[in-house]
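FYI, the numbering for the sequence shown is 0 to 304, going by numbering that gives the first Met the number 0. Every residue gets a Cβ at the ideal spot worked out from N, C-alpha and C, and that includes glycine.
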Amino acid sequence: MTAFCDPAPQSNRQPAADLRTRRISGAERGTGLTLALGGGFSKGFAHLGVLEVLKQAQVSVGAIVGTSIGALLGAAYADGIPVQDLCDLGRRVNVRDFLRFHQTGKDDRRRDRIGQFVHEWFRNTEVEDLPIPTAIVTTDLATGAPYVFTRGPLELAIRASCAFPGLMKPVEYEGRLLADGCIASPVPTAIAARFNGGCVLGVSVGSNVASGSSSESVVRIFENGFSASGTDELEPSGSNLADILLEPQVHHIDWNDFSRVDEAFAAGAQAMRRALPSLQELFARRSDFATAQGMTFRLENGLAI
Numbered sequence: 000m001t002a003f004c005d006p007a008p009q010s011n012r013q014p015a016a017d018l019r020t021r022r023i024s025g026a027e028r029g030t031g032l033t034l035a036l037g038g039g040f041s042k043g044f045a046h047l048g049v050l051e052v053l054k055q056a057q058v059s060v061g062a063i064v065g066t067s068i069g070a071l072l073g074a075a076y077a078d079g080i081p082v083q084d085l086c087d088l089g090r091r092v093n094v095r096d097f098l099r100f101h102q103t104g105k106d107d108r109r110r111d112r113i114g115q116f117v118h119e120w121f122r123n124t125e126v127e128d129l130p131i132p133t134a135i136v137t138t139d140l141a142t143g144a145p146y147v148f149t150r151g152p153l154e155l156a157i158r159a160s161c162a163f164p165g166l167m168k169p170v171e172y173e174g175r176l177l178a179d180g181c182i183a184s185p186v187p188t189a190i191a192a193r194f195n196g197g198c199v200l201g202v203s204v205g206s207n208v209a210s211g212s213s214s215e216s217v218v219r220i221f222e223n224g225f226s227a228s229g230t231d232e233l234e235p236s237g238s239n240l241a242d243i244l245l246e247p248q249v250h251h252i253d254w255n256d257f258s259r260v261d262e263a264f265a266a267g268a269q270a271m272r273r274a275l276p277s278l279q280e281l282f283a284r285r286s287d288f289a290t291a292q293g294m295t296f297r298l299e300n301g302l303a304i
């Protein structure tokens, strides 16, 4: 089944998340591919396989929206950290380092593992300065709604997005208590659909249970720009707002098993390779449709509609 990237009618949109908005310029808006990278802890290294295949295929990534591990790895990629360096770092992770999570104090030596990574590896310190426009999804614990950073302190935003309750402390910011974005948006395709006008590619790694090795088990393509193809099982996470949803086969990897980074990477790469022909057709159809309709995208209160 194939589709073109026609923006969904406004009535199909979910209520807007609270975006700390970077206004996307006309030159940036609607270009390339918007990635929606879901949470899944160690399984999230499948995202790197997806990114590597896109790079090899010379597919332009116009924007990245990430939840939890998707926010951490997506922001790192947006900052220019090479995929292979991120894989190497993943292989050295000890999950206990993440569980020793605390607020950063005056002494920089007290940074948690995520804070250390951002401090030592990232060139940029603000979300809005990342070379690829990026949105980092967290959850406002007072409301249960997404709180999305597109500007502001990068380290804080990433730490909040990864702060799963019971394992890591929530992060205080401007009177809000923020925690893992997976609570509100496990695969943030609804937010990605508003953040940038490009085609939305979602990557779900948290709980897939598909079996078999057919392409249907790892790639879902949606008809008419965001209606689910024969199923509504994805509705709670908003995943049916993707044009293509990848489900790399990582269900056999435990959430805290960082010894299998290479397996997760390979699963993501395999899923993306299978989806490339459909993605290329999506781009072609979108280009033809936009030309025929004179399609433009506008930004209202920071939301691409």
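Nearest to residue i (by Cα), restricted to the options the options
i, options, result
"PHE257", "LEU85, ALA56, GLY79 and LEU200", "LEU85"
"ARG112", "GLU154, ASP128, THR137 and GLU127", "GLU154"
"PRO145", "GLY205, VAL60, LEU177 and TRP254", "LEU177"
"TYR172", "VAL147, GLY165 and ALA191", "VAL147"
"ARG175", "ALA192, THR133 and THR138", "THR138"
"ILE80", "ALA283, THR66, THR149 and PRO130", "PRO130"
"GLU51", "PHE116, GLY197, ALA159 and TYR76", "TYR76"
"LEU47", "ARG284, LYS168, GLN269 and SER277", "GLN269"
"THR133", "ALA241, LEU245, GLN57 and LEU32", "LEU32"
"LEU63", "GLY197, GLY39, VAL249 and ARG90", "One detail in the question is off: residue 63 reads as Ile in this sequence, not Leu. The shortest C-alpha separation from ILE63 is found at GLY197."
"LEU245", "THR188, ALA283 and ARG158", "THR188"
"PHE163", "SER184, GLU127, GLY151 and THR149", "SER184"
"THR124", "THR149, GLY201 and VAL249", "THR149"
"PHE282", "VAL49, VAL60 and GLY37", "VAL60"
"ASP78", "LEU275, VAL117 and GLU280", "VAL117"
"TRP254", "VAL92, GLY65, VAL82 and GLN83", "VAL92"
"GLY151", "ASN195, ASP128 and MET167", "ASP128"
"GLU280", "GLY37, VAL58 and LYS168", "VAL58"
For residue i: DSSP bridge partner residues
i, result
"ASP261", "None, per the DSSP bridge assignment."
"THR66", "VAL136"
"CYS198", "LEU32"
"ARG175", "TYR172"
"GLU280", "Answer is none; GLU280 lacks a bridge partner."
"PRO152", "GLU125"
"VAL249", "Beta-bridge pairing links VAL249 to no other residue."
"VAL60", "LEU32"
Contact belief for residue i with residue j at Cβ below 8 Å, rounded distance in angstroms
i, j, result
"ALA263", "PHE44", "4 Å"
"VAL199", "ALA35", "6 Å"
"VAL186", "PRO247", "No, VAL186 and PRO247 are not in contact; Cβ-Cβ is about 12 Å, not under 8 Å."
"GLY53", "MET271", "The question names Gly, yet the displayed sequence has Leu at residue 53. Right, their Cβ atoms sit about 7 Å apart."
"GLY201", "ALA241", "4 Å"
Where residue i falls, given that 16 or more other Cβ within 10 Å makes a residue buried
i, result
"ASP261", "exposed"
"GLU234", "With a pLDDT of only 35 at GLU234, under the threshold of 50, the placement of this residue in the model should not be trusted; the figure read from the coordinates follows. It counts as exposed."
"GLY143", "exposed"
"HIS101", "For HIS101, the pLDDT reaches just 44, beneath the cut-off of 50, and the residue's location in the model is therefore unreliable, although a value from the coordinates is still provided. When all chains shown are included, HIS101 counts as exposed."
"GLY165", "exposed"
"ARG193", "buried"
"ARG158", "buried"
"GLY29", "Summary for GLY29: the model assigns pLDDT 48, below 50, so the residue's position carries little reliability; its value from the coordinates is reported in the next sentence. Burial call: buried."
"ALA56", "exposed"
"ALA274", "buried"
"ALA141", "exposed"
"ALA26", "Because ALA26 sits at a pLDDT of 36, beneath the cut-off of 50, its placement in the model cannot be relied upon, and the following sentence gives the value as read from the coordinates. Flag for ALA26 reads exposed."
"GLU232", "Residue placement at GLU232 cannot be trusted, given a pLDDT of 34 that sits under 50; what the coordinates show is reported in the next sentence. GLU232 comes out exposed."
Proximity of residue i and residue j at Cβ, strictly below 8 Å
i, j, result
"CYS161", "ALA70", "yes"
"ILE252", "SER277", "no"
"GLY39", "ILE68", "yes"
"ILE190", "VAL136", "yes"
"SER41", "ARG285", "no"
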